[in-house]
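What follows is a single structure, written as structure tokens, with notes after it.
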DNA sequence: ACCTGAACACCGTTCAAGT
DNA sequence: ACCTGAACACCGTTCAAGT
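Chains as they are written, first to last, in the working numbering: chain R, 64 to 286; chain U, 64 to 286.
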């Protein structure tokens, strides 16, 4: 309203842009995040953003890096590598629950900047330091991360899986379209997919399997 | 050249459109698939497509349904449910290798039409018929599909994981940008991620775990 | 019935101009 | 140094018009 209180309108930094972008993507979905809409939200013209961020791809990379940081490093939080893997898996799921756009962010771009690779590096280091050799480290990482991301994809936005049509999309048809074409899916849905329990079920299955197959476990990394 | 041989230019059906779209997406990447470019490839104007396909979303749904069909149903191909799960997992990976755009197709939209849900239904039926109850069926399905899709995401296009920066994107920087910021990732990459072996390692880990935890296995479904 | 041109409301991004 | 308007090359989609 009044152009006297210019103090309230903050000076538009890269950080402020990332903040606004993240809440916009979380609340309205990643597909609603356009440079023009983001600028409008910040009370500024679209082209002003390019003074702080080189491209939209860089913006998305920044969002992914920022959310990835929320996973943490789990350094020394577990007594052995399997505890650390478990901690990281649960932390990843927590981030996905805190930020609805996280999984889509993660699965729609490469981890090509060092900033985004840091959490990966930290996890690998944590496994390696716990006593796994290079191949075992890669194996454990790849298996667990595969499971976690795949599960989250099913959980969020109903992609792939069975989850009850929830997520970003609108309900496909209020009136059941074809009543009995896929009956078992409906029954499984009505039975209810037990989210937390189901996630930890598979997670513990994997970790237990890895523990018996990868002998390198050590009680505590010294130094 | 000659407008006499109109016979060679096929009459543009939904099927021909899907075929052209799939090869375009496989060869140039899903982000290169636009209605206008697809039409140009078919020697037609963009708006002509709307006579056969209601929207771009429907086009993508059709592509996903078509590629999903390639997984097959694995009905009676395995001796028990764990063999059937294994068959489905390997078939899914085979589709991903045959169609570079498959994983992106799968992780970027919901399975909201019955056409796309049919392979899921077939898999569930196969598990249920093998002796698992409803909750066990959901559990086994969710765990395996999570792992498979997550692994494929890492494998294709270097999303998430460690894989050697390959995939749809161009190499981020020929001159190594920051030589020692993420040293362990580089070492793991150079060590080489053993694709097939790594996939089956985790897969068998999961299936073995499921086998011991889900007691409902039966040697052969009767009828 | 099927194809088309023009048009609409959006995109990301560049660039010369403003302050 | 930072913001802006106009412009460019793209999108998906509608609609009235052609055959």
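We put the CB at the ideal spot given by N, CA and C, even for glycine.
- When the Cα atoms are used, residue 117(R) and residue 125(R) turn out to be separated by approximately 11 Å.
- Looking only at 120(U), 197(U), 177(U), 215(U), the smallest Cα-Cα distance to residue 160(U) is reached by 215(U).
- The way I'd put it, the stretch 256-274 of chain U does touch the stretch 145-155 of chain U; three or more beta-carbon pairs between them come closer than 8 Å.
- At a cut-off of 9 Å, the C-beta of residue 128(U) has no neighbouring C-beta in chain R.
- Of the residues 121(R), 165(R), 192(R), 203(R), the one whose Cα lies closest to the Cα of residue 149(R) is 203(R).
- Taking CB atoms only, residue 136(U) has no neighbour in chain R less than 9 Å away.
- For residue 183(R), same chain residues with a beta-carbon under 7 Å away, outside a window of 5 residues either side, are 174 in chain order.
- Counting only unbroken stretches of 4 or more residues, the alpha helix (DSSP H) elements lying wholly within the stretch 133-193 of chain U are 144-161, 165-170, 177-192, in sequence order.
- Inclusion of residue 217(R) and residue 158(U) in the CB contact set at 9 Å is not warranted, their separation being larger than that value.
- Look at residue 261(R) here: in three-state DSSP terms it is helix.
- Close to residue 200(R), with beta-carbon spacing below 7 Å, are these residues of chain U in chain order: 251.
- Annotation for residue 246(R): the continuous alpha helix (DSSP H) segment containing it runs 246-254.
- Within the model, the alpha-carbon separation for residue 119(U) versus residue 93(U) is close to 12 Å.
- Along the stretch 143-160 of chain R, none of the residues has a CB nearer than 7 Å to a CB of chain U.
- Bounds of the alpha helix (DSSP H) holding residue 201(R) are 197-218.
- Relative to the Cα of residue 122(R), the nearest Cα in the group 195(R), 248(R), 102(R) belongs to 102(R).
- Around residue 195(R), the same chain offers 144, 203, 277, 279 as residues with beta carbons nearer than 7 Å, after the five sequence neighbours per side are excluded.
- In this chain, the alpha helix (DSSP H) harbouring residue 102(U) covers 98-104.
- Take the alpha-carbon of residue 78(R) and the one of residue 112(R): they are about 11 Å apart.
- Linking residue 177(R) to residue 246(U) through their CA atoms gives a straight-line distance of about 11 Å.
- As the crow flies, the alpha-carbon of residue 205(U) is around 25 Å from that of residue 200(R).
- Scanning chain U for C-beta atoms nearer than 8 Å to the C-beta of residue 191(R) yields 247, reported in chain order.
- Under the 10 Å beta carbon count, residue 84(R) is surrounded by 16 or more other beta carbons and is classified as buried.
- Contact between residue 97(U) and residue 138(U) does not hold, since the beta-carbon distance rounds to 38 Å and is not under 8 Å.
- Taking all protein chains shown into account, residue 74(U) has fewer than 16 neighbouring C-beta atoms within 10 Å of its C-beta and is therefore exposed.
- Within the same chain, Cβ atoms closer than 6 Å to the Cβ of residue 135(R) are found at 154, the five residues on either side in sequence being excluded.
- Distances from the alpha-carbon of residue 219(U) to those of 130(U), 165(U), 114(U), 80(U) put 165(U) closest.
- Counting the other CB atoms within 10 Å of its CB gives residue 179(R) a total of 16 or more, which places it among the buried residues.
- Nearest to residue 263(R) by C-alpha distance, out of 129(R), 95(R), 91(R), 156(R), is 156(R).
- Contact between residue 87(U) and residue 127(U) fails: their C-beta atoms lie close to 15 Å from each other, not under 8 Å.
- At least 9 Å separates the CB of residue 78(U) from every CB of chain R.
- Under the three-state reduction of DSSP, residue 274(R) is assigned to helix.
- With a threshold of 16 other beta carbon atoms within 10 Å, residue 261(R) meets it and is buried.
- The beta carbon of residue 244(U) falls within 9 Å of a beta carbon belonging to chain R, placing the residue at that interface.
- Comparing alpha carbon positions, the residue from 76(U), 186(U), 107(U) closest to residue 132(U) is 186(U).
- Rounded to whole angstroms, residue 171(R) and residue 110(U) show a C-alpha spacing of 29 Å.
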